[in-house]
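Visitor: Numbering (this note's numbering), first residue to last: 681 to 825. Here it is, the structure, as structure tokens.
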Amino acid sequence: MALHLIKLCVGADSIEDLREWVSERSLIAIAAGMEPHSSHITRMIPKRDQELLDGGSLYWVIKGQVQARQPLLGLKSFTDVDGISRCELVLGPEVIETEYQPRRAFQGWRYLTDDDAPRDLKNMGDGTADLPLELRRELAELGLL
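Put into structure tokens, the structure is as follows:
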């Protein structure tokens, strides 16, 4: 069973904002002759790296709701210019929409088990994926999704 990370998507107001950022990062990687991916730098290095890299994803909390995930491709620890240990989360270029799941604000990242992770929107089979994004957002805020 895969283990995941969950993190606040600071600075993004919507999935579209996240997708734009990921697209820009992927284009920069392609221009540098690398595989298209995005990355995110964190202060803490996950200790359960093998479980995370066995099919795990980074789930993004946007405006108080888990709304999307990106496959986790790798973890790279390094020391920054100030001598502080950091971790680069290497993420797949695809932003996958998930069912909305409310989350309170927290600092850093948290582990998320497969059982607690929201389902991918396209796999829900209840027509939710066909609703306009704004309507899904409003229904989630009302607790109806």
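Where is the CB? At the ideal position from N, CA and C, for every residue including glycine. Quantities reported herein were computed from a predicted structural model and do not represent experimental measurements.
Would you call the segment 698-710 and the segment 762-769 touching, i.e. three or more CB-CB distances under 8 angstroms?
Guide: With the cut-off at 8 angstroms, the segment 698-710 and the segment 762-769 do not touch.
Visitor: Taking the continuous alpha helix (DSSP H) assigned at Glu774, which residues delimit it?
Guide: Counting from 1 along the sequence shown, the entry for residue 774 is found at position 94. Glu774 -> no alpha helix (DSSP H), and no H or E assigned at all.
Visitor: Starting from Ile708, trace the beta strand (DSSP E) both ways and give me its first and last residue.
Guide: As a first step, residue 708 is located in the sequence shown; it is residue number 28 there, counting from the start. Element bounds for Ile708: not the beta strand (DSSP E) but the alpha helix (DSSP H), Ile695 to Ala711.
Visitor: Determine the burial state of Arg749: buried for a count of at least 16 other Cβ atoms within 10 Å of its Cβ, exposed for fewer.
Guide: By one-based count along the sequence shown, residue 749 stands at place 69. Arg749 comes out buried.
Visitor: If I follow the unbroken beta strand (DSSP E) through Leu732, where does it start and stop?
Guide: Translated into the one-based positions of the sequence shown, residue 732 becomes position 52. Element bounds for Leu732: not the beta strand (DSSP E) but the alpha helix (DSSP H), Asp729 to Leu732.
Visitor: So what does DSSP say about Glu814, is it helix, strand or coil?
Guide: Residue mapping note: residue 814 aligns to position 134 of the sequence shown, counting from 1. DSSP places Glu814 in helix when its eight states are reduced to three.
Visitor: Take His717 as the anchor and find which of Glu774, Arg799 and Ser757 has the nearest alpha-carbon.
Guide: Taking the first residue of the sequence shown as position 1, residue 717 is located at position 37. Of the listed residues, the one whose Cα sits closest to His717 is Glu774.
Visitor: Between which two residues does the beta strand (DSSP E) harbouring His717 extend?
Guide: As a working mapping, residue 717 is identified with position 37 in the sequence shown. No beta strand (DSSP E) contains His717, which DSSP labels as neither H nor E.
Visitor: Less than 8 angstroms between C-beta atoms, sequence neighbours within five positions excluded: which residues of the same chain meet that for Tyr739?
Guide: Taking the first residue of the sequence shown as 1, we reach residue 739 at position 59. These residues qualify, in order along the chain: His684, Leu685, Ile686, Lys687, Val746, Ala748, Arg749, Thr778, Leu792, Ala797 and Pro798.
Visitor: Tell me the residue span of the beta strand (DSSP E) that contains Val690.
Guide: As a position in the sequence shown, residue 690 is number 10, starting the count at 1. Run containing Val690: none; DSSP gives neither H nor E here.
Visitor: Counting Cβ pairs closer than 8 angstroms, one from the segment 754-761 and one from the segment 697-707, do we hit at least three?
Guide: No, the segment 754-761 is not in contact with the segment 697-707.
Visitor: According to DSSP, is Lys802 helix, strand or coil?
Guide: For the purposes of this step, residue 802 is taken as residue 122 along the sequence shown, with counting starting at 1. Here Lys802 sits in helix by DSSP.
Visitor: Let's test the definition: count the other Cβ atoms within 10 Å of the Cβ of Leu815 and tell me whether it reaches 16, buried, or not, exposed.
Guide: Indexing the sequence shown from 1 puts residue 815 at position 135. Per the 10 Å Cβ criterion, exposed.
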